[in-house]
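Asks:
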Amino acid sequence: MPRWGMAADLDRCTGCGACVTACHAENNISTVGPYQAMRGRAKHWIRVERYWEGEFPDVRLKFRPVMCQQCGNAPCEPVCPTYASQHTEDGLNAQVYNRCIGTRYCANACPYTVRFFDFFNPEWDKPLHLQLNPDVSLREVGVMEKCTFCVQRIKAATIQAKADETELKDGDIKPACVQSCPAQALVFGDLNDPESAVSRLSESPRGSKLLEDLGTHPAVTYLSRQTQV
Amino acid sequence: MDRRSFIKLTAVSGTTAALASCGNPENQLVRFVPDEDIVPGQATWKPGVCPLCASGCGLTVRVMDADKDVVRDGQAGVVTIYAAKKLEGSTDHPVNHGGLCTRGQASIQVTYHPDRITQPLKRSGARGEAKYDPISWDDAVTELVGRLDALVSAGNQRALALLGQARTGHRALVVQQFLQRFGAPAPVRWEIFGDDLLRRANALSFGRAQLPTFDLANARFALSFGADFLGTWNSPVSQSHGYGAMRQGRAGIRGAFVQVEARMSQTGANADRWVPVRPGTDGVLALGLAHLLMAAKVGAPDAAGRAGALIEGWSAGLPAYTPDAVEKLTGVAAAKVERLAREMAEQRPGLAMIGGPALAHTNGLFSALAVNALNALLGSVDQPGGLSFTPQFNVAAAAKAAGPAPDAGASLEELAAGILAGGAGAPQVLMIDGANPVFAAPKAWRVRDALENVPYIVSFGSFLDETSALADLILPDHSFLESWAENVPESGSAVAVATVAPPAMAPLHQTRATVDVLLDVGRRLQTPLNLPWESMEALLGITFATLPPSTEGGDAWSEAQEKGGWWGALPAALVAAPSGAASASTVAPASGFAPAAFVEPQFDGDPAQYPMHLLPYASTTFYDGSAAHLPWLQEMPDPLTSAMWSSWVEVNPTTATKLGIRDGDLVDVTSAHGTLQSTAVLTPGIAPDIVAMPMGQGHTQFTRYATGRGENPASLLAPLTEATTGALAWAATRVKIARAGDPDGRLVLFAGGKNEEGRHGPGEEHR
Amino acid sequence: MTTVRPSSLLALVACACAWLAAVGCGYIDTTVPPPPLTGPGLPGESRAVLTTARPNLRAALDDFLVRRPEPVQPIEFPHNIHVGKQIACTEYCHESVTTGPVAGLPSVRTCMICHNAIATDRPRIQQITQWRKEGKDIAWQRVYGFPAPSHVRFNHAPHVRAEVSCETCHGPIGQQTVAQRTVDHTMGFCVNCHKEKQAPLDCLTCHF
Amino acid sequence: MTRPSDRQINSDLIRPLLHTSWRFYLLVLFFGGIVLTAIGTWFYQAYSGYGVTGIKWPVFWGFYITSFVFWIGISHAGTLISAILRLVQAEWRRPVTRCAEVITVFALMIGALFPIAHLGRPWLFFWLAPYPSERLIWPNFRSPLVWDFFAINTYLTGSVLFLLLPMIPDFAVIRDKSTGLRRRIYGALSMGWRGTPKQWHRLETAMSIMAVVILPVAVSVHTIVSFDFSMAPVPMWQSTIFGPYFVAGAIFSGIAGLIIAMAFLRKFLHLEAYLLPVHFENLGKLMLVMAVLWGYFVFNERLVTYYGNEPAEMAVFWRTQRESFAPLYWTMVVCNFVLPVILMGIKYTRKTITGCVIASLGVVVGMWLERFLIIVPSLGHKYLPYAYGIYRPRVLEVVIAGATFAAIVLLYVLFAKVVPIISMWELKTPEHEPGHGDQAPEVQALREVQP
C-alpha cells in the first residue's frame, strides 16, 4: 500500500504561480469573482505564499507553495462529525463532499488553512463549462473542499496499471501542479517506496515539514532554499 | 440580492452534461446528431501550441467529450462534441520541457470565453460604441475584397496597412507576403514590451538580430539586469526550467544568481542578492564589472571582439568606469561592485542578461551593448553555461516564397502620425491582427484619434478590446485549439525548433482562420495575389516537408503533426540569415556605428514637480494586458502582492510615511501626461524614488471580466523613445503621488500577513 | 408598563447607538454585491450560467428524498430483441464500457449502421430514420447512474474486467424491452459487493 | 416582614394566567415580530447559500457559534443553581427556583438552534444523530460536535423533567381553580394529582434524585462545549483550562441572566411580595464569587500564554491585548470583572435591585464578548501569516443573533402565561416558619380545593 507524498524544492520554486492555475484547470475550482474574492471566498487549493524579509535595500523574499499537507495525523479528521474528512489507506485525507454538512470545523482545525468552503453554488459562465473535467465532481453550496493530490489521476493511473497488468512506476502519477511546474520544484510519489524520487528528496538534509512541531506528520516535505551569498 | 444566490434554470442540465451523470432534465433536452463518432468519457491527447506569447511552448491538449448548447434552426438543444479539457506542457518539447506557465495554463479559457466573438460582425453604431450586427462570412469577405479592389483601382495600394504583434513563423510569412504582393507597406508590429531594441543590439554585437537563449542549466553564475526571465521576459518557461537545473540540477554545484533592478520583480525575488540601481544606469554597472574583470585579467579586451569594439574606451580597459565612478552614477556601493566582479571572475561559466525596464530608457541601446560586451568578455557566447542563438528555421525559404527580403515596417508612432497628417500616403484600410495599441500606447501618440480617422478598419481579433472596438468589420479568428497552430521559437531552445499542431477540436463558433481568410481574399481580388498556398495546412505541409525526417525514409510533416513540431539540426539551406529575416530590425555594419558611451538617461517631467520614477511592469498574470480577460488569471493572486481582480501602486514604506500614505490607501499618481487613482501597496522591494504599477488592468473595453477593472499605467506614459532605435522608453516617465483617501475595498488581497513573523504586518488589516 | 417605559427607551437608544457605532467604524460588513450582468452583449454572446444549484425547490426536494422519476424513453427500444439477435451489448451500442468509465448511450448514427438496411419497415425504425434526416439524435434518458449530489465517480471498465456481469447492477436487461430500473444503486449495494470481493472500501474509491 | 397568606399566594400567582391584559398582546406582538423576522432571515440564508453571512476564509466560525456558546452558558442559570440550592436546602431559593429552571430550558432550546443555523447544509443536520442508515455510517464519535449533540439533549431532557415535576401540584391547583377547557388541559397536565402523602413523598424523592443527577450533566455540558475549541490545534484554543473556565463562565452568565429575568418578572407580574431584595442580594453574592473566579481564570489563561511565549499564540495574544481586538477585550474585562466586583462588592449597591441588574447586564454583555474573543481572533490569526484574515459580521448575522434575546423574552412571557412563574406549593411549605411545618402538604392542597 503506497503512502502518497510530495516534495517542494524551495530552491527551485520561482513563485510563478503556474501550479495555481493548473490546479484550477484540473479540479473544477470555480472562480468566485471580484466581489466574493474581496469577501474572502476565493478558492486556491494550492497557493504560493510569499514572505518579505528585511528592509530596502537589503530585501529578500521567500516563496512557499502550500497545499493540503495530507497529514498522517490530521487535525481535520477527528473533529468532523460525519466522517466527511477521513483518512484513506494510502495516506490521503479524503474530503467526501457528499458526507459534508458544512460545520467548517475541519477548516478551523487545519493549521495550514488549506481548506476552502463553497459559500455558494459554484458557477461557470457558459461556455466556460465545456472545459470542466468530468473526472472531478462539481462541488455544491455548503461543502468543504481542498487539495486531493489529484486523486482522480491517482485512481486513473492505478486502474490503468491494473488493466495493463503492470506495476505503477515512480513518476507515472503527476498531480496537475507537479506536471505544470516549469522549474520542476514539485515532486510527487510514493513515500513507502525507498527508491522513489520523493522519498529520496524527503531524506534530504535540506528537508523539513511545515509546522512540524504540531505533530501532524505532513506528507509534504519542503527543501529549504539555500543561500550562498 | 446576490446574483449568485439565484437558482438558475440552466442548472442541472448543465451539471449532468458536464458530469455525464444521470438527471431528469435530460427529458426536456433536444439532442442533435454529433458531427463525428464520440467515445464518451475517454481522454485523448493531442499536440498544441501556446498562443499567448512568442516563446512558442509546445502543448499536450487533453480532449474529451462534452455537451455543448447549440441552437439549430431556431431550436435550442445540445450536441456532443470533442472539447479540449486541459493544457499541459509537452514533455519532450525543447523549449518548455513539459512545463507551462500560469498564462499558458489559462489560455484554454480563450477558446471557451463567454464574450468571444462568435461570428463576423459589421459595425452598426458609432466608432468605439461597440455596437455590431451579425453578417455572413461571404458578405464580410466580399465587403473587404471590395475595399481592397477600390484601393487597387485607385492605384493607392500603399494605403493598406496592417497592425499586428511581433510574431515570427508561418502566419507572419503569409501576412507579409500578402502585403508585399498587394503592394502595401510591411506590417506595423507593436508590443509595449517588445524587444526590438535588444534584437538590434544583438545584431550589432553578435550579428544576430534575435533574442538570446540562455544555458542556465550549466551556468555557475547568472547576472540579470532587470530581466524578468522567470516570469514574463523572453522565454520564461524555458528559462525557469534552466533555472531549476542551475540551482539544484547538479550534484554539489549550485549556480548563483544576482538581480540588478530598482523594483524587485518575481524574478528578482529568487535572486541570492538583489541589487537596486538607479534607473537607466544598468549599462554603467555592466561596464564597471567589465573594467574590473579586465583589470583582473579575467579576459583581455580584444576577447570581446566586435561586441567590445562597440563600446567607447573598451580597448583601453574602460578607465572611465572605476568602481567609484560607477558608485557615483549607479548608486551601487563600490564594494558591492568589486564583490560582484570577484564572484563573476571566480564562478565560471557565468552569463549576464538584460531586458525589461533596463532597456526601456532613452539610453537603452547603450545598456544592451554594454551587457553584450560583458558577456563577450566572459567568453560566454555560444558556450555551455552561456548564451547562444537558436538557429532559425527560414520559413520563407522553405515555403519558396518569392520576392525580396521584407523591409522593416514603420513604427506605430510613425503610422499614427501618418494617419493624422492625412494626405495621399495615409492608410485608407487598416487591418488589425492581435495588437491593442489603443490600450497600451502612450496617449501622446494619439493612436485612438488616428484610428478613428482611418476610413475602414478590419479586425481579426477574437475579442472586442479597445482597438478592435473601433473596427468597421470584425472577422473573428479561430482559437489556437480550433485551427492549425504554429510557432517558430526565436529563443529558448538549444536546437532549431518549429512547433506545429493540427486543430485539437472542431471550431466552437462561426469563426475562420485568419490566414485562410487572407488567402481567400488574395484569391478573390480583381487582380489576384496568386499566393502559392491553398491554406495554412498546405503551407505547413510544404515547409515541413523540406525538413529532414528523424527516421530514415520517414516523413517530417507527418512526424511533426504527431509529436507537435520538428526540432533538431537544421540543414544549412534552411537556416535563416544571421541578419535574422525573422526580425523586423536590420543590422547596421559594426564599422558604421559610433562606439557607444554612457549618456545620462532623459526622463519626462521636471524632477522638482514629479519627484518619482514610474515603472510600469509586465504583470505575471496579464503580461501586457492581453491576458486580462481570462477569469483564472484575474483571480490568481499576484506572486508578490497576492492581489486579485485589481491593480495597485507599489510604494516604498519610507516614501509612504513621508507622504502620509498607509497600506491600502487610495493614491493619485500624476505625470505630465495624465493622472490616475489607484491603491497603494507598501513593499520594501522598491527604491524610495520609484513607484511601480503592473500593466494589464484598466481596460475600458475587454470582455465582462476585465472591463472597468483597475487602472492602466500606460495612460501616464510619456512618448520618450530610445535615441538610436526609436523604441518606446516606457520606464522614463516621472510622476508624483499623493494620498487621495482611505481604502475603499477596490484592492482585493488574498494574503493577510506580509512577513513570516508578520504579527504586526499591515496586511493583517486587509478587508 | 408606564413604569418601565423610560428604561426600555433607554435600552432601545443604547442599542441604536451601538449599532450605528459598529456600522460607522466598519465593524459590520454592509457592502452590497454588484448588480448582475445586464444589457445586450455582442451578437451570439452567451449570458447563460452553469451552476450546481437545483432548478427549483421541487428538484431539491427530490434530490433530498432520493426520488427519481422513471425515465421515459423517446422510443421503446427492445433490448430483448437485440440481445436475442446475439448483438453483444458492449461491442456495438455501449462499446466504451470495457475501456472507460462511461458505458455510453448509442447515438442514432450507431443505430443506422444496421437499420439503414434491416427492418426499415417498422414504425420505430422509420421514426429514428426520420430523426436522423432532421439531424436530431435520440435523447436517451439514463435509467441508472448516480445523481450529481452523490458525487460518485463510477468507472465501468474495472468492474467489467473484474467480470462483474451486467446483470449484477442492471438486472435482467436481456429480458426487458425498454430498460427498467430493477436494481437500486444504494451505497449499501455497492459496499456489500466490494466487501465480498475484497475491493477497496475507503471513501475515495468512489467519492471524489 | 409578613409572608403573604396562601390564599394571597394563589390569587397573586394565578392572576396572570386567568386575566390577560393588552400589554401581554403588545409584548407578544413585538417580540414575536422580531423572532419571525429572524426565522425568515435564516430561511433566506439557507436558500441563498451560507455566503450571505460574513464568514470567510480563514475565519469559519463567527456570530452563530458565539451565540451558541453564550446561550448554552446562560442555560446554567437555572437547573444547576436551583439544584444546588435544593441540595443545600437554602430556604430563600423557593421563589427563585422555577423562573431559574425555565431559563435553562429556553436558553438550551435557543442555543441548540445555532449549530444547525450555522451549517453549510442545514437540511442534513440529522446526520449528527446516530441512526441506522443503509450506508451503515454512524457519526464520528471522536468529534466534539457529536458530543455536544448528546450533552445538550441530555441536559435539555433532564432540565425539562426537573422543571415539570414540581409543577404538578401547581397544575392541580390551577385545575381546581379553573373551568371548561382550561380545567381539562390542566387536569391532564397535573396527571391526576390528588396530593396524597404518597404522591408528595414520591415528588420529594424524585426531586432530590433529579437534583443530584442533574449536577454532573450540567457541569459536563459546558465542558464538552469547551472541547469544541480545545480539541483543535488553534492558537489560544488548545488549553487545558478551557473546561473549568467555560463552566465557571457559564454559571457566571447564568446568574446574571437569572437576576435580570427575576427583576423583570418582579416588575411585570407585580411579584414584589415574593421576589424580595434579599433574593437578589444572595444571587449578587454568588455572582461576586463567580466574577472573582472568572477573573482568576482569565488572568491565568493570559499569564500562561504570556509565559509560554509560543509565537503563534503570542500573535493572537497581542491582537486581543492591544491590537485590533483590544477595545472589545477591555470592554469585556470591565463588564465581567470591574463592574460586578465593584457593584456586588459594595454592600449598598448589592442590596439594591437596580445595582444587581446593572451588574448583571454588564456581565451578560461581557460574557458574550468573551466567547466572541475566544473564537474570532484565534481563527483570523492561525500559524501561517499569509492566511491571516479579518472577520466582519453581516447585518443578517447580527439580526439572527440579536433576535434570540427577543426569542427568550417571548418564550418567557408565553410561559408565564400558562404556568405560575413561582412554585406556589413550595412557597406555602416553608419549613422554617413555625405553625406551618407541622401541616402536611396535602392538607393545604385539600384546603385550597374548597372555595
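Chains as they are written, first to last, in our numbering: chain A, 41 to 269; chain B, 202 to 968; chain C, 11 to 218; chain D, 24 to 474.
Backbone N, C-alpha and C define an ideal beta-carbon position, used for all residues, glycine too.
#1: Could you name the residues that DSSP lists as bridge partners for residue 164/A?
#2: Rounding to the nearest angstrom, what Cα-Cα distance links residue 130/C and residue 171/A in this structure?
#3: State the start and end residues of the unbroken alpha helix (DSSP H) segment that holds residue 318/B.
#4: Counting contacts by CB-CB distance shorter than 8 Å, is residue 321/A in contact with chain B?
#5: Just how far apart, CA to CA, sit residue 346/B and residue 640/B?
#6: Checking 8 Å against the spacing of the C-beta atoms, do residue 774/B and residue 757/B come in under that value?
#7: How would you label residue 715/B, buried or exposed, when you count the other beta carbons within 10 angstroms and need 16 or more for buried?
#8: Is DSSP giving residue 269/B helix, strand or coil here?
#9: At a Cβ threshold of 8 Å, is residue 143/C touching chain B?
#10: Between which residues of its own chain and residue 296/B is the CB-CB distance below 8 Å, once the five residues before and five after are set aside?
#11: Strictly below 9 Å CB to CB, what residues from chain A border residue 144/D?
#12: Using a C-beta to C-beta distance shorter than 9 Å, which residues of chain D count as neighbours of residue 576/B?
#13: Counting only beta-carbon separations shorter than 8 Å, does residue 37/C have a partner in chain D?
#14: Alpha carbon to alpha carbon, how far is residue 538/B from residue 109/A? Give it in angstroms, no decimals.
#15: Cα separation between residue 532/B and residue 478/B?
#16: Are the C-beta atoms of residue 710/B and some chain C residue less than 8 Å apart?
#17: Less than 8 Å between the beta carbons of residue 816/B and residue 891/B, yes or no?
#18: Starting from residue 227/A, trace the beta strand (DSSP E) both ways and give me its first and last residue.
#19: With 9 Å as the C-beta to C-beta threshold (strictly closer), list the residues of the segment 51–65 of chain C near chain B in chain order.
#20: Leaving out five residues on either side along the sequence, give the residues of the same chain with a beta carbon under 6 Å from the beta carbon of residue 939/B.
#21: Verify the CB distance criterion: does residue 69/A have a CB-CB separation below 8 Å to chain C?
#22: Mind checking the segment 100–112 of chain A against chain B and listing, in chain order, the residues whose C-beta falls within less than 8 Å of any C-beta there?
#23: Does DSSP classify residue 4/C as helix, strand or coil?
#24: Give me the Cα-Cα distance between residue 136/A and residue 293/B, rounded to the nearest whole angstrom.
#25: Anything in chain C within Cβ reach of residue 418/D, meaning under 9 Å, just list it in chain order.
#26: Would you mind telling me which residues of chain C sit closer than 7 Å to residue 421/D, beta carbon to beta carbon, in chain order?
#27: Please report the Cβ distance between residue 9/D and residue 297/D, rounded to the nearest whole angstrom; I am assuming they are in contact, meaning their Cβ atoms lie under 8 Å.
#28: Which word fits residue 146/D, buried or exposed, when buried means at least 16 other C-beta atoms lie within 10 angstroms of its C-beta?
#29: For residue 82/D, I'd like the list of residues in its chain whose CB is within less than 8 Å of its CB, leaving aside the five on either flank, ordered along the chain.
#30: Applying the criterion that 16 or more other CB atoms from any shown protein chain within 10 Å of the CB defines a buried residue, is residue 810/B buried or exposed?
#31: At least one CB of chain A closer than 8 Å to the CB of residue 993/B: is that the case?
#32: Under DSSP, the beta strand (DSSP E) around residue 458/B begins and ends at which residues?
#33: Should residue 55/A be flagged as near chain B, meaning a C-beta pair shorter than 8 Å?
#34: For chain D, find out if any of its Cβ atoms is closer than 8 Å to the Cβ of residue 74/C; answer yes or no.
#35: Which residues does DSSP list as the beta-bridge partners of residue 845/B?
#36: Around the C-beta of residue 80/C, are 16 or more other C-beta atoms found within 10 angstroms, so that it is buried, or is it exposed?
Replies: Looking at the coordinates:
#1: Taking the first residue of the first sequence as position 1, residue 164/A is located at position 124. Looking at the DSSP assignment, residue 164/A forms a beta bridge with 60/C.
#2: On the third sequence, residue 130/C is found 120 positions in, with the first residue counted as 1. On the first sequence, residue 171/A is found 131 positions in, with the first residue counted as 1. Answer to the nearest angstrom: the Cα atoms are 40 Å apart.
#3: Translated into positions along the second sequence, residue 318/B becomes position 117. It is not in any alpha helix (DSSP H) - residue 318/B carries neither H nor E in the DSSP assignment.
#4: Lying outside 41 to 269, the shown extent of chain A, residue 321/A is not represented and no answer is given.
#5: Taking the second sequence and counting its residues from 1, the one referred to as residue 346/B is at position 145. Taking the second sequence and counting its residues from 1, the one referred to as residue 640/B is at position 439. Taking the straight line from one Cα to the other gives about 29 Å.
#6: Here the question's residue 774/B lines up with position 573 in the second sequence. Here the question's residue 757/B lines up with position 556 in the second sequence. Result no, Cβ atoms of residue 774/B and residue 757/B do not sit closer than 8 Å.
#7: One-based indexing of the second sequence puts residue 715/B at position 514. With 16 or more other Cβ atoms within 10 Å, it is buried.
#8: Position 68 of the second sequence, counted from the start, is the residue given in the question as residue 269/B. Here DSSP, grouped into helix, strand and coil, assigns residue 269/B to strand.
#9: The sequence position of residue 143/C within the third sequence is 133, counting from 1. No, residue 143/C lies away from the interface with chain B (no Cβ there is under 8 Å from its Cβ).
#10: Reading the second sequence from its first residue, position 95 is the one you call residue 296/B. Excluding positions up to five away in sequence, the list reads 256, 257, 258, 259, 436, 438, 439, 690, 693, 694, 698 and 700.
#11: Residue 144/D sits at position 121 when you count from the first residue of the fourth sequence. What residue 144/D touches in chain A: 140, 141, 142, 180, 181, 182 and 183.
#12: Looking up residue 576/B in the second sequence gives position 375. Residues of chain D whose Cβ lies closer than 9 Å to the Cβ of residue 576/B do not exist; the shortest such Cβ separation is about 38 Å.
#13: Within the third sequence, the letter at position 27 stands for residue 37/C. Yes, its Cβ sits closer than 8 Å to a Cβ of chain D.
#14: The residue labelled residue 109/A in the question sits at position 69 within the first sequence. The residue labelled residue 538/B in the question sits at position 337 within the second sequence. Looking at the backbone, the Cα of residue 109/A and that of residue 538/B are separated by about 43 Å.
#15: The residue you call residue 532/B lines up with position 331 of the second sequence. The residue you call residue 478/B lines up with position 277 of the second sequence. Straight-line Cα distance between these residues: approximately 6 Å.
#16: Taking the second sequence and counting its residues from 1, one reaches residue 710/B at position 509. Yes, residue 710/B counts as interfacial toward chain C.
#17: Position 615 of the second sequence, counting from 1, holds the residue named residue 816/B. Position 690 of the second sequence, counting from 1, holds the residue named residue 891/B. One thing to note: residue 816/B has its Cβ within 8 Å of the Cβ of residue 891/B.
#18: Your numbering for residue 227/A matches position 187 in the first sequence. From DSSP, the beta strand (DSSP E) with residue 227/A extends over 226–230.
#19: Result list: 51, 52, 53, 54, 55, 56, 57, 58, 59, 60, 61, 62, 63, 64 and 65.
#20: As a first step, residue 939/B must be located in the second sequence, where it is residue number 738. 869, listed in sequence order.
#21: Here residue 69/A refers to the residue found at position 29 when the first sequence is read from its first residue. Residue contact with chain C for residue 69/A: absent (no Cβ-Cβ distance below 8 Å to any residue of chain C).
#22: Correct list: 100, 101, 102 and 103.
#23: Coverage of chain C is limited to positions 11 through 218, which leaves residue 4/C absent and any answer about it impossible.
#24: Numbered from 1 along the first sequence, position 96 holds the residue referred to as residue 136/A. Numbered from 1 along the second sequence, position 92 holds the residue referred to as residue 293/B. If you take the alpha carbons of residue 136/A and residue 293/B, they lie about 37 Å apart.
#25: By one-based count along the fourth sequence, residue 418/D stands at place 395. Close partners of residue 418/D in chain C (Cβ separation under 9 Å): 33, 38, 39 and 40.
#26: In the fourth sequence, counting from the first residue as 1, residue 421/D sits at position 398. Going along chain C in sequence order, the residues near residue 421/D (Cβ under 7 Å) are 38.
#27: Residue 9/D lies beyond the range of chain D shown here (24 to 474); nothing can be said about it.
#28: The sequence position of residue 146/D within the fourth sequence is 123, counting from 1. It is exposed - the Cβ of residue 146/D has fewer than 16 other Cβ atoms within 10 Å.
#29: The residue you call residue 82/D lines up with position 59 of the fourth sequence. When the five nearest sequence neighbours on each side are left out, the beta carbons in the same chain lying within less than 8 Å of the beta carbon of residue 82/D are those of 399, 402, 403, 412, 413 and 414, in order along the chain.
#30: Here residue 810/B refers to the residue found at position 609 when the second sequence is read from its first residue. With fewer than 16 other Cβ atoms within 10 Å, it is exposed.
#31: Given that chain B is displayed from residue 202 to residue 968, the structure contains no residue 993/B and the question cannot be resolved.
#32: Along the second sequence, read from residue 1 onward, the residue named residue 458/B stands at position 257. Residue 458/B: member of the beta strand (DSSP E) spanning 457–461, first to last residue.
#33: Sequence index remark: in the first sequence, residue 55/A carries index 15 (1-based). With its beta carbon less than 8 Å from one in chain B, residue 55/A belongs to the interface.
#34: For the purposes of this step, residue 74/C is identified with residue 64 of the third sequence, where counting begins at 1. With respect to chain D, the C-beta atom of residue 74/C has a partner C-beta closer than 8 Å.
#35: Here residue 845/B is taken as the residue at index 644 of the second sequence, counted from 1. Looking at the DSSP output, residue 845/B sits in a beta bridge with 949/B.
#36: Translated into positions along the third sequence, residue 80/C becomes position 70. Exposed is the call here.
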